[in-house]
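Below is one structure, written out as structure tokens; the observations come after it.
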């Protein structure tokens with residue numbers, strides 16, 4: 001048995017480990033609640049979720065699909081930060097996590113993004129980027145994805161190729177371009193109209209901790225990436241190509 005958290009694993013990775021006989025259990029928690037509120041029970045794993053609430057933990061979905069939890073392991077508050085404490089832990093005792101999710105009929109929690117990561121397109125509709133990023137990121141040619149589009153007619157995706165994708169592109173970009181185009185079409189087919197991507201941009205420079213585009217835990221620094229690439233976005237979209245290299 002092993003545990004996984006911090007960021008979602010792709011279903012392919014989970015299945016690979018499970019086929020080895022390792023019961024890999026995804027869970028969820030924050031520093032504010034002693035790092036755990038949910039876990040997939042052994043023998044009852046539901047891939048794509050972070051499982052069921054731990055004993056004594058209550059979970060509900062609030063405004064903007066925010067996950068809110070209450071349980072005995074929660075903090076009393078932030079040290080000498082009463083305003084931040086009041087915002088995160090109001091009188092009802094339900095911790096405002098800032099994460100978005102939904103709960104299925106059996107009580108399993110699925111995380112779909114961060115409230116603060118949502119952005120509004122030029123048409124006034126909100127887009128949650130994380131589910132789209134997870135869908136694109138499951139492709140073997142793709143390593144890391146950032147979906148952006150604040151104020152634009154439609155969102156777009158910045159893509160860093162995986163080592164396999166880089167090797168394939170070195171042999172010729174046409175095949176990679178066709179594969180990424182098909183990936184975008186398949187992803188768009190699952191989205192609402194206002195969420196559908198206008199284009200995929202293959203970034204030139206790899207994202208890393210050293211250049212400040214990834215965190216030490218290898219998560220994207222969304223605001224830094226957007227500041228770097230958004231000035232080019234309008235021209236990319238007006239170019240009319242579905243897949244292009246930076």
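Residue numbers (the working numbering): 1 to 246.
Ideal placement from N, C-alpha and C gives every residue a C-beta, glycine not left out.
Given the structure is predicted, the values throughout are model-derived calculations rather than measurements.
Practice task
Report back the beta-carbon spacing between residue 38 and residue 21 to the nearest angstrom; my notes put them in contact at under 8 Å.
Solution key: With a Cβ gap of about 24 Å, residue 38 and residue 21 do not count as contacting.
Practice task
May I have the straight-line CA-CA distance separating residue 194 from residue 80, to the nearest angstrom?
Solution key: Straight-line Cα distance between these residues: approximately 42 Å.
Exercise for the section: With DSSP collapsed to three states, give me the class of residue 103. Expected result: Per DSSP, reduced to three states, the secondary structure at residue 103 is strand.
Problem - Ranges of the beta strand (DSSP E) found wholly within the region 164-216, counting only runs of at least 3 - result: At a cut-off of 3 residues, the continuous stretches assigned as beta strand (DSSP E) that sit fully inside the region 164-216 are 200-202.
Handout entry: the region 206-216 / the region 121-137 touching (three or more Cβ pairs under 8 Å)
Key = Short answer: they don't touch.
Problem - Supposed close pair residue 247, residue 165 - CB separation, criterion 8 Å - result: Any property of residue 247 remains undetermined from this structure, which presents the chain solely from 1 to 246.
Handout entry: C-alpha gap between residue 50 and residue 207, whole angstroms
Key = Residue 50 and residue 207: Cα-Cα distance of roughly 27 Å.
Handout entry: Buried or exposed (CB count within 10 angstroms, at least 16 for buried), residue 198
Key = By the 10 Å Cβ count, residue 198 comes out buried.
Problem - Rounded Cβ spacing between residue 230 and residue 179 (contact assumed at less than 8 Å) - result: Actually they do not touch by this definition, with Cβ atoms about 26 Å apart.
Exercise for the section: Pair every Cβ in the region 214-225 with every Cβ in the region 171-187, then say whether three or more of these pairs are closer than 8 Å. Expected result: No contact exists between the region 214-225 and the region 171-187.
Practice task
Work out the CA separation of residue 55 and residue 233 for me, nearest whole Å.
Solution key: Cα to Cα, residue 233 sits roughly 47 Å from residue 55.
Exercise for the section: Please specify which runs of the alpha helix (DSSP H), each continuous and at least 4 residues long, are wholly inside the region 104-169, giving them in chain order. Expected result: Whole alpha helix (DSSP H) segments, 4+ residues: 129-137.
Problem - C-beta atoms of residue 94 and residue 69 nearer than 9 Å - result: The criterion of a C-beta distance shorter than 9 Å is satisfied by residue 94 and residue 69.
Exercise for the section: Have a look at residue 7 and residue 167 and give me their C-alpha separation to the nearest angstrom. Expected result: If you take the alpha carbons of residue 7 and residue 167, they lie about 26 Å apart.
Problem - Of the residues 224, 114, 128, the one placed nearest residue 120, counting alpha carbons only - result: Ranked by Cα distance from residue 120, the options 224, 114, 128 are led by 128.
Problem - Span of the alpha helix (DSSP H) around residue 73 - result: Note, residue 73: premise wrong, no alpha helix (DSSP H); not H, not E.
Exercise for the section: Would you identify the three-state DSSP class for residue 241, choosing helix, strand or coil? Expected result: Residue 241: coil per DSSP, three-state reduction.
Practice task
May I ask you to list the residues that DSSP assigns as paired with residue 2?
Solution key: Per DSSP, 24.
Exercise for the section: Report yes if the CB atom of residue 143 is closer than 9 Å to the CB atom of residue 161, and no otherwise. Expected result: Residue 143 is a Cβ neighbour of residue 161, given a cutoff of 9 Å.
Practice task
Identify, in the order they occur along the chain, each residue of the same chain with its Cβ nearer than 7 Å to the Cβ of residue 30, setting aside the five sequence neighbours on each side.
Solution key: Counting only Cβ-Cβ distances below 7 Å, and skipping sequence neighbours, we find 97.
Problem - Opening and closing residue of the beta strand (DSSP E) in which residue 60 lies - result: Per DSSP, residue 60 belongs to the beta strand (DSSP E) from 58-61.
Exercise for the section: May I have the straight-line CA-CA distance separating residue 228 from residue 205, to the nearest angstrom? Expected result: Using only the alpha carbons, I get a separation of about 12 Å.
Handout entry: C-beta contact flag for residue 48 and residue 11 at 9 Å
Key = Here residue 48 is near residue 11, since their CB atoms are less than 9 Å apart.
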